[in-house]
Amino acid sequence: MNNIAYVALGSNLDDPIGQLQQAQLELANLPACELLATSSLYASKPMGPQDQPDYVNAVVKLATELQPIALLDALQQLENEHQRVRQRRWGPRTLDLDIVLYNQQRIDQPRLQVPHIGMHERNFVLYPLAELDSNLQLPDGTSIAELLDNCPLADLIKLEL
Ligand code: ROI
């Protein structure tokens, strides 16, 4: 297991806490992957259209033998198993799994951009990520501390479960 991937989880439909807890178990059981750490769960206000329920978000750290696109395929299969329906862009979803970081690689492909393009402005990605690894750096050398400095905690709430 010589690659490290950080995967962001999000849900705002059909028992979001349950969706994320189930997804964490499924991620732990993915072939050629080892679940190294899971962040707390966080409640967050929707980014994008406001006429949708609040989200629950988290990040996990995986060790994996899967190359990025193979990992993406595995994550999209899990999303589909959670009856994910894509109704509209930035609409509500039962489960969203995004590769945020993969080693220190930069990936710019039609299906996959890593580091995740929107992560800089997403407190619901950055705060759980910092919880897992407070010394993390992006491929361009930006530290997680710098990212947090520029991204207010705002109404993100760590859930005490
Ligand atoms: N907003 C929040 N708070 N959490 C998410 O996971 C999330 N995911 C999305 C959009 C619709 C952009 N908004 C979100 O894809």
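Quick note: the sequence shown, position 36, residue 939 per this note's numbering, numbers continuous. By construction, the Cβ of each residue, glycine as well, lies at the ideal position given by its N, Cα and C atoms. Bear in mind that the values here come from a model prediction, so they are computed numbers and not experimental data.
Original post:
Are the beta-carbon atoms of V910 and I1047 separated by less than 7 Å?
Top reply: The residue you call residue 910 lines up with position 7 of the sequence shown. The residue you call residue 1047 lines up with position 144 of the sequence shown. Cβ atoms of V910 and I1047: not closer than 7 Å.
Original post:
What residue from G951, A961, S947, Q955 has the CA that sits closest to L930's CA?
Top reply: The residue labelled residue 930 in the question sits at position 27 within the sequence shown. A check of alpha carbon separations from L930 across G951, A961, S947, Q955 identifies A961 as the nearest.
Subject >> Boundaries (first-last residue) of the beta strand (DSSP E) holding L1062 >> reply: Residue numbering aside, residue 1062 sits at position 159 when the sequence shown is read from its first letter. From DSSP, L1062 is part of no beta strand (DSSP E); its letter is neither H nor E.
**OP:** Just the C-alpha distance for N1038 and G1044, rounded to the nearest angstrom, thanks.
**Re:** Sequence index remark: in the sequence shown, residue 1038 carries index 135 (1-based). Sequence index remark: in the sequence shown, residue 1044 carries index 141 (1-based). Taking the straight line joining both Cα atoms gives about 11 Å.
**OP:** Note down the Cα distance separating P934 from D1052, rounded to an integer number of angstroms.
**Re:** Numbered from its first residue, the sequence shown carries residue 934 at position 31. Numbered from its first residue, the sequence shown carries residue 1052 at position 149. The alpha-carbon atoms of P934 and D1052 are separated by roughly 36 Å.
Subject >> Where D1043 falls: helix, strand or coil (DSSP) >> reply: Translated into the one-based positions of the sequence shown, residue 1043 becomes position 140. Residue state, collapsed to three classes: coil.
Original post:
Quick one, which of G913, E1034, A966 has its alpha-carbon nearest R987's?
Top reply: Along the sequence shown, one-based indexing puts residue 987 at 84. Among G913, E1034, A966, the Cα nearest to that of R987 is on G913.
Original post:
Which value, in whole angstroms, describes the spacing of the CA atoms of P919 and Q1016?
Top reply: Reading the sequence shown from its first residue, position 16 is the one you call residue 919. Reading the sequence shown from its first residue, position 113 is the one you call residue 1016. If you take the alpha carbons of P919 and Q1016, they lie about 25 Å apart.
Subject >> S914 - partner residues in DSSP beta bridges >> reply: Along the sequence shown, read from residue 1 onward, the residue named residue 914 stands at position 11. Its beta-bridge partners are V959.
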